[in-house]
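Novice:
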Amino acid sequence: MGFISYYYLDERIRYFTYMPADVYPEISLGVYFVVGLVLIYQSIRSKAQWWVYILAVTAFGESLGYIFRTVCVYDTTFAMYVLMTLFLLLPPNALALVNYKTIAKIIEDSVQAKPNKFWLRPKFVNWFYFSSDVFSIAMQGAGGGMMTTAKGREPGKKIVLVGLIVQLFFFACYLFTTFYVWRKPEYAVSQGPRDKSPAAAKRKVMLAIVLTTLIIYLRSIYRIAEFADGYGGKIYSAEWAFYVFDTILIFIAFLVYIVLFIGPNFSKLRAIQGAIYGYPQKMESGDVTINNSSSGLVQSRKI
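Residue numbers for the sequence shown, in this note's numbering: 21 to 323.
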């Protein structure tokens with residue numbers, strides 16, 4: 021670590037309440053940067069729709085947060101601590117946006133399904149969950165910024181807690197919607213090149229969003245406990261808890277996204293074909309097979 025002056029030592033303790041390790045942030049930023057590159061490659065290769073790229077952007081955001089944490093290890097300043105706090109607190113919320121959009125697209129693209137419940141309408145799903153996540157992010161961001169000052173620490177903590185609790189509530193609502201869509205066969209998922217069947221494609225996509233939502237849920241519970249415990253509390257002062265329940269948990273979520281990558285099921289070409297002919301069940305390289313279930317017509321076209 022080298023020589024560190026007492027000035028920096030005092031600043032680190034004042035902000036962190038402990039001596040932060042100088043190895044784990046560097047490892048974390050490298051790992052998340054590689055994750056971002058892998059997701060960018062997968063998204064480009066599968067010609068995924070724009071919202072799938074949020075996964076890669078989120079990974080790079082996490083990496084940036086650990087860059088700020090690395091800087092804070094050696095030179096903790098107010099600005100660096102605020103940036104570190106925000107970039108490590110907020111990016112995982114963007115993963116929820118991807119999951120929300122995924123369910124909305126499944127509902128929207130399933131032409132056989134005619135939802136008679138308002139909470140299953142694509143526009144409502146998009147608006148309801150997107151708005152809730154933006155609200156939660158705004159609350160956590162505002163509270164996280166306030167907590168970096170002694171005067172705003174207590175009200176900031178309460179604002180962050182409200183944002184996290186609101187997020188947990190909407191996560192529960194979302195999981196209910198997700199399991200409902202998973203259970204109903206009329207909600208279909210486009211079959212990717214490596215999917216053995218439309219049923220296998222749906223199982224893969226639903227498993228990906230359920231597992232990652234549960235992981236984000238657990239991470240949010242940890243964050244609630246951390247902020248409820250207060251600045252300088254046992255949870256806040258336990259660096260190992262941060263790396264286990266935040267760093268590693270979110271990394272596992274990214275591994276799920278990589279292994280069960282949803283890009284091929286939501287490609288740009290599929291979206292165009294679905295808008296023109298109805299929901300495509302399968303598309304091979306070079307050929308597009310369109311199954312218009314309402315008319316019983318099957319069409320094959322060259323791309």
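Even glycine gets a Cβ: it sits at the ideal position worked out from N, Cα and C. In this text the structure is predicted, and so the values were computed from the model without any measurement.
#1: Does the Cβ of residue 328 have 16 or more other Cβ atoms within 10 Å, making it buried, or fewer, making it exposed?
#2: Please classify residue 208: does DSSP put it in a helix, a strand, or coil?
#3: Quick check: the segment 160–170 against the segment 117–131, are at least 3 beta-carbon pairs closer than 8 angstroms?
#4: Using CA atoms only, rank isn't needed, just tell me which of 229, 224, 276 and 164 is closest to residue 98.
#5: Please classify residue 167: is it buried, with 16 or more other beta-carbons within 10 angstroms of its beta-carbon, or exposed?
#6: When you compare only the Cα positions, how much space is there between residue 254 and residue 146?
#7: Beta carbon of residue 53, beta carbon of residue 81: below 7 angstroms?
#8: Taking only three categories from DSSP, how would you classify residue 68?
#9: Tell me where the alpha helix (DSSP H) around residue 159 begins and ends.
#10: Going residue by residue through the segment 31–89, where are the continuous alpha helix (DSSP H) segments of at least 4 residues, counting only ones entirely within it?
#11: Skipping 5 residues on each side, what residues in its chain have a beta carbon closer than 8 angstroms to that of residue 238?
#12: Take every Cβ of the segment 241–259, pair it with every Cβ of the segment 34–46, and state whether three or more of those distances are shorter than 8 angstroms.
#13: For residue 235 versus residue 273, is the C-beta distance shorter than 7 angstroms?
#14: Is the CB-CB distance between residue 32 and residue 96 below 7 angstroms?
#15: Within the same chain, show all residues whose beta-carbon is closer than 6 angstroms to that of residue 103, passing over the 5 residues directly before and after it, in chain order.
#16: Roughly how many whole angstroms lie between the Cα atoms of residue 84 and residue 110?
#17: Between the alpha carbons of residue 275 and residue 224, how many angstroms are there, rounded?
#18: Cβ of residue 90 within 7 angstroms of Cβ of residue 46?
#19: Under 8 angstroms: do the segment 207–214 and the segment 276–290 share three or more Cβ pairs, one atom per stretch?
#20: With distances taken Cα to Cα, identify the nearest neighbour of residue 130 among 43, 66 and 209.
#21: Beta-carbon within less than 6 angstroms of residue 73's beta-carbon, same chain only, minus the 5 sequence neighbours each way: which residues are those?
#22: Quick one: is residue 136 buried, meaning 16 or more other Cβ sit within 10 Å of its Cβ, or exposed?
#23: Since residue 254 is in the alpha helix (DSSP H), which residue starts that stretch and which ends it?
#24: Is it right to say residue 193 is buried, meaning 16 or more other beta carbons lie within 10 angstroms of its own, or is it exposed?
#25: Taking all protein chains shown into account, decide if residue 184 is buried (16 or more other Cβ within 10 angstroms of its Cβ) or exposed.
#26: On a CA-only basis, which of 244, 245 and 199 is nearest residue 226? Give me that one, please.
Specialist: Short version:
#1: This structure cannot speak to residue 328, because the chain is shown only from 21 to 323.
#2: Coil, per DSSP.
#3: Short answer: they don't touch.
#4: The option with the nearest alpha carbon to residue 98 is 164.
#5: Classification of residue 167: buried, given that the 10 Å Cβ count is 16 or more.
#6: One C-alpha to the other measures close to 39 angstroms.
#7: The answer is no: Cβ separation not under 7 angstroms.
#8: Looking at residue 68 - three-state DSSP - the assignment turns out to be strand.
#9: Residues 142–166.
#10: Correct list: 44–65.
#11: Hits under 8 angstroms: 265 and 269.
#12: Yes, since at least three Cβ pairs between the segment 241–259 and the segment 34–46 fall closer than 8 angstroms, the two stretches touch.
#13: Taking a C-beta distance under 7 angstroms as the contact criterion, residue 235 and residue 273 qualify as a contact pair.
#14: Going by C-beta atoms, residue 32 is nearer than 7 angstroms to residue 96.
#15: Result list for residue 103: 88, in chain order.
#16: Counting only the Cα atoms, residue 110 lies some 12 angstroms from residue 84.
#17: In this model, residue 275 and residue 224 are separated by some 14 angstroms (Cα to Cα).
#18: Contact: yes.
#19: Taking one beta carbon from each stretch, the segment 207–214 and the segment 276–290 have 3 or more pairs nearer than 8 angstroms; the two touch.
#20: If you compare the alpha carbons of 43, 66 and 209 with that of residue 130, the shortest gap goes to 209.
#21: Around residue 73: 63.
#22: Its Cβ having fewer than 16 others within 10 Å, residue 136 is exposed.
#23: Taken as a continuous stretch (DSSP letters only), residue 254 belongs to no alpha helix (DSSP H), as it is neither H nor E.
#24: Result: exposed.
#25: That one is buried.
#26: Selected option, being the one with the closest Cα: 199.
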